[in-house]
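According to this note's numbering, the sequence shown is numbered sequentially starting from 38. In this text, a Cβ means the ideal position worked out from N, Cα and C, and glycines have one as well. Because the structure is a prediction, the values reported are computed rather than measured.
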Amino acid sequence: MKINEKEPYENGANPKKEHLGKYTTDNNGEFMTTDQGLKINDDQNSLKAGDRGPTLLEDFILREKITHFDHERIPERVVHARGSGAHGVFELYKPMGKYTKAKFLNDTSIKTPVFARFSTVAGFRGSTDLPRDIRGFAVKFYTQEGNYDLVGNNTPVFFIQDAIKFPDLVHAVKPEPHNEIPQAASAHDTFWDFISLMPEAMHNIMWLMSDRAIPRSLRMMEGFGIHTFRFINDEGQSHFVKFHWKPKQGVLSLAWDEAQRLSGKDTDFHRRDLWEAIDQGHFPEWELGVQIVPEEDEHKYAFDLLDPTKIIPEEMVPVEIIGKMTLNRNPDNFFAETEQVAFHPGHLVPGIDFTNDPLLQGRLFSYTDTQITRLGGPNFHEIPINKSIPEVTNNQRDGMHRMQINKGKVSYNPNSMGGGCPFQAMIAEGGFHSYGERIDSVKIRNRSKSFFDHFSQCTLFYNSMSDHEKRHIQNAFSFELGKVKLVPIRQRMVNMLLEIDESLANAVADNLGLVPKKLSQPITDIIPADAKLEDYASFSNELPISDAPSLSMATKLPTDIKARRIALLTADGVNDEAFTKVKLQLCDRDAMVAVIAPKHGFVTTESGDQYQVDESLLTAASVMFDAVYVAGGDSIKTLSANADALHFVAEAFKHCKPIAADRNGTEFLQKALPEIKFPADGVTADGNLEQFVKNIQQHRFWERECGAGVPA
Ligand code: HDE
38 MKINEKEPYE
48 NGANPKKEHL
58 GKYTTDNNGE
68 FMTTDQGLKI
78 NDDQNSLKAG
88 DRGPTLLEDF
98 ILREKITHFD
108 HERIPERVVH
118 ARGSGAHGVF
128 ELYKPMGKYT
138 KAKFLNDTSI
148 KTPVFARFST
158 VAGFRGSTDL
168 PRDIRGFAVK
178 FYTQEGNYDL
188 VGNNTPVFFI
198 QDAIKFPDLV
208 HAVKPEPHNE
218 IPQAASAHDT
228 FWDFISLMPE
238 AMHNIMWLMS
248 DRAIPRSLRM
258 MEGFGIHTFR
268 FINDEGQSHF
278 VKFHWKPKQG
288 VLSLAWDEAQ
298 RLSGKDTDFH
308 RRDLWEAIDQ
318 GHFPEWELGV
328 QIVPEEDEHK
338 YAFDLLDPTK
348 IIPEEMVPVE
358 IIGKMTLNRN
368 PDNFFAETEQ
378 VAFHPGHLVP
388 GIDFTNDPLL
398 QGRLFSYTDT
408 QITRLGGPNF
418 HEIPINKSIP
428 EVTNNQRDGM
438 HRMQINKGKV
448 SYNPNSMGGG
458 CPFQAMIAEG
468 GFHSYGERID
478 SVKIRNRSKS
488 FFDHFSQCTL
498 FYNSMSDHEK
508 RHIQNAFSFE
518 LGKVKLVPIR
528 QRMVNMLLEI
538 DESLANAVAD
548 NLGLVPKKLS
558 QPITDIIPAD
568 AKLEDYASFS
578 NELPISDAPS
588 LSMATKLPTD
598 IKARRIALLT
608 ADGVNDEAFT
618 KVKLQLCDRD
628 AMVAVIAPKH
638 GFVTTESGDQ
648 YQVDESLLTA
658 ASVMFDAVYV
668 AGGDSIKTLS
678 ANADALHFVA
688 EAFKHCKPIA
698 ADRNGTEFLQ
708 KALPEIKFPA
718 DGVTADGNLE
728 QFVKNIQQHR
738 FWERECGAGV
748 PA
């Protein structure tokens with residue numbers, strides 16, 4: 038039996054857990070002991086000289102407990118500190134042997150266990166889930182050939198082209214060093230100062246200013262490997278490959294105002310959403326896609342495949358779907374698993390290899406290096422969440438926190454005393470062999486001219502947006518730059534936008550009270566001293582397409598309402614059908630319906646039946662839900678007199694959410710939204726449940742933003 042086939046997720050059997058063996062414990066039925074295994078008789082009182090006397094230094098139980106507590110924290114990740122993880126499984130749809138010999142991409146009967154960690158980039162570990170930020174999308178595949186990590190983001194490009202700029206980028210976006218403000222936000226001077234001098238960042242900045250950077254849920258994001266990698270087949274032939282994760286849940290966003298409010302109302306909104314969806318059996322799924330480019334086409338495109346600030350538009354090279362990841366188990370312990378998991382783009386298996394992307398090359402150094410500080414030494418691969426399925430057998434020895442007890446005298450190679458073990462594996466036996474790329478060049482600190490076009494793909498991205506997405510990008514730039522104090526930085530940014538799209542530059546400049554100016558010459562600080570300015574100035578890529586629908590989120594709506602959150606607004610006297618029909622039918626479609634009422638406890642219907650309240654108007658807010666249903670009845674009198682209830686609906690309307698009411702529920706809507714004429718887009722006033730469901734699938738009615746607006 039193939040080891041990966043011992044499926045973790047059926048019948049409660051879990052090879053990862055078996056593999057964790059004695060490390061997992063739930064304390065059930067056990068005596069409390071010290072770290073030395075001594076049974077503890079009193080864990081409530083320290084040892085003192087007399088009832089009221091001083092505590093004695095002798096109290097080793099107290100000292101051990103406090104000492105351990107004192108050292109409970111480890112350094113958080115330098116970036117991507119705030120994260121949420123889940124276990125799952127990867128299943129292959131079709132063998133990919135033509136391109137790669139990786140075993141987990143060849144045998145459709147293998148189910149590969151995975152652990153995924155999603156993260157924000159800039160904020161500290163305890164920061165909000167809801168900043169405008171890129172999200173990390175890292176997946177560890179526990180394959181039979183060792184761990185393979187696909188450490189990507191939810192945008193397909195990155196801010197910089199060369200690893201040497203990464204510390205600068207991160208210093209610029211993190212809270213400013215003198216006062217550590219602002220937390221988890223790019224809307225401040227140092228970030229935009231840096232960006233305004235780094236035109237290569239503009240493509241990822243366009244994604245960052247788009248709705249992609251305020252996802253509705255971690256379950257509703259696409260993921261991208263960003264760099265071009267290589268697939269290597271059994272013949273040693275290489276193909277370039279880009280990786281994509283496509284969520285089955287659709288690709289959806291929040292409204293920016295909503296994200297900011299959620300940061301206060303439920304700062305763990307994304308973490309909770311992922312946890313509850315998995316907990317309730319609504320397992321999120323992503324399909325894995327690949328874009329494959331034959332080796333001989335390396336120079337065919339108007340952009341460089343090694344440049345991580347560029348995409349290969351799907352309209353030029355389609356994404357081939359090859360498998361599916363399902364996240365189906367929450368971690369048992371956040372620290373042990375989500376916090377201690379150590380990803381690394383250099384964790385490879387035979388059949389996958391690197392390219393010379395200079396950003397990727399730098400990453401290959403960084404990840405192990407950072408784990409040594411973060412996880413306290415070189416043995417972090419022994420932490421259960423990081424352990425590979427194949428046993429680790431090599432001559433690495435000792436170091437902090439070594440768990441493995443290596444037997445025998447021999448810890449070197451070659452040896453005769455250990456019978457030559459452990460053996461090196463031939464390629465045919467699964468030994469990893471780097472792709473033999475020919476390299477014949479001079480050493481040089483330079484950037485290829487093929488990396489110099491920074492704006493064509495920004496324009497492509499902007500052109501591909503729907504109207505509301507363009508509007509949101511304009512607003513996001515206006516917000517972020519509006520928070521910048523130094524006017525010359527704002528000016529440099531709107532000048533840069535003029536290189537992308539005139540209407541975008543004008544809209545943002547207008548909001549900032551500025552006029553965009555044509556760049557008189559390219560921004561020179563990234564041009565190497567010996568480069569000719571004319572070469573740089575004239576370098577512009579002609580893309581064969583002027584818009585790419587695949588870039589717009591508007592084309593990626595879900596086809597169901599699975600795990601979407603619906604608020605059922607009620608009070609005593611509500612009609613019975615709210616529960617016997619509305620709630621039931623929505624739950625039948627796997628929606629997550631919460632009963633909201635002025636108070637906790639129970640709500641009594643017209644007929645006198647009682648139903649449990651999930652949240653009161655004090656603890657719930659409309660920003661925690663995708664849609665609101667106001668059920669009619671006598672309850673409407675109570676709700677109409679309740680300012681929180683009126684605000685709940687007005688705010689949902691402001692954030693363009695579907696709203697439905699039945700019977701006299703409409704009167705309540707009218708009171709909450711006196712300026713709005715019903716019927717309005719996305720508002721179902723006649724209790725038509727089918728229409729409400731369709732509206733939830735559509736997610737938001739963004740055109741409402743163009744109306745008068747509501748004071749919520
Ligand atoms: Fe990372 N990155 N990164 N990064 N990165 C880290 O590693 C780094 C880059 C990404 O959930 C760190 O374990 C450098 C691109 C994710 O644990 C660190 C460069 C992409 C995560 C590091 C990059 C990523 C990290 C911090 C430029 C998308 C979180 C803690 C050369 C393809 C993984 C850690 C998790 C984490 C370095 C650029 C994705 C410091 C030097 C491009 C998803 O090693």
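Taking only the alpha-carbon atoms, compute the straight-line gap between residue i and residue j and give it to the nearest angstrom.
| i | j | result |
| --- | --- | --- |
| D477 | I263 | 26 Å |
| T405 | F380 | 8 Å |
| G24 | N612 | Residue 24 lies beyond the stretch modelled for the chain, which goes from 38 to 749, so this question has no answer here. |
| V552 | Q511 | 15 Å |
| F516 | T496 | 21 Å |
| V747 | I603 | 21 Å |
| L396 | S403 | 11 Å |
| C743 | F690 | 13 Å |
| R154 | N184 | 15 Å |
| E128 | I409 | 32 Å |
| V386 | G473 | 16 Å |
| V632 | K714 | 27 Å |
| Q31 | I251 | Summary: the structure shown does not reach residue 31, with the chain confined to residues 38 through 749, and so no result is reported for it. |
| E652 | R601 | 16 Å |
| E237 | K424 | 38 Å |
| V116 | N370 | 21 Å |
| Q181 | P150 | 10 Å |
| N393 | K337 | 17 Å |
| S300 | A678 | 28 Å |
| P459 | Q274 | 29 Å |
| R249 | A682 | 30 Å |
| P451 | H307 | 51 Å |
| V288 | E259 | 7 Å |
| D547 | E712 | 28 Å |
| R508 | S589 | 13 Å |
| Q735 | F228 | 35 Å |
What are the boundary residues of the alpha helix (DSSP H) that includes residue i?
| i | result |
| --- | --- |
| F228 | 226-233 |
| D625 | 621-625 |
| W282 | Careful: W282 lies outside any alpha helix (DSSP H), inside the beta strand (DSSP E) at 275-284. |
| D648 | A quick correction: the sequence has Tyr, not Asp, at residue 648. Where Y648 is concerned, there is no enclosing alpha helix (DSSP H), although the beta strand (DSSP E) it sits in stretches over 647-649. |
| H307 | 306-316 |
| G702 | 702-709 |
| R535 | A quick correction: the sequence has Leu, not Arg, at residue 535. It spans 524-535 - the alpha helix (DSSP H) in which L535 sits, taken as one unbroken run. |
| N512 | 504-519 |
| L84 | L84 -> no alpha helix (DSSP H), and no H or E assigned at all. |
| N500 | 493-500 |
With burial defined as no fewer than 16 other Cβ atoms inside 10 Å of the residue's Cβ, what is the status of residue i: buried or exposed?
| i | result |
| --- | --- |
| L94 | exposed |
| Y130 | exposed |
| T165 | buried |
| G468 | exposed |
| R172 | buried |
| M454 | exposed |
| G326 | buried |
| L605 | buried |
| S575 | Only weak support exists for where S575 lies, its pLDDT of 44 falling under 50; the value from the coordinates is given anyway. Classification of S575: exposed, given that the 10 Å Cβ count is below 16. |
| M629 | buried |
| Y449 | exposed |
| H438 | exposed |
| M502 | buried |
| N661 | Per the sequence shown, the amino acid found at residue 661 is Met instead of Asn. Classification of M661: buried, given that the 10 Å Cβ count is 16 or more. |
| I563 | Low local confidence applies: a pLDDT of 49 at I563 is under 50, so the model's placement there is unreliable, with the coordinate-based value given in what follows. Buried, by the Cβ-count rule. |
| K480 | exposed |
Over the uninterrupted beta strand (DSSP E) stretch that includes residue i, give me the two end residues.
| i | result |
| --- | --- |
| V552 | Neither: V552 is in no beta strand (DSSP E) and is coded neither H nor E. |
| G326 | 322-331 |
| G122 | 120-129 |
| K361 | 357-366 |
| R602 | 602-606 |
| I409 | No beta strand (DSSP E) contains I409, which is instead part of the alpha helix (DSSP H) from 395-411. |
Determine, using beta carbons only, whether residue i comes closer than 9 Å to chain C.
| i | result |
| --- | --- |
| K444 | Protein chains in the displayed structure number just one, and chain C is not present. |
Requested in this report: Please specify which runs of the beta strand (DSSP E), each continuous and at least 3 residues long, are wholly inside the segment 665-749, giving them in chain order.
Outcome: 696-698, all fully within the segment 665-749.
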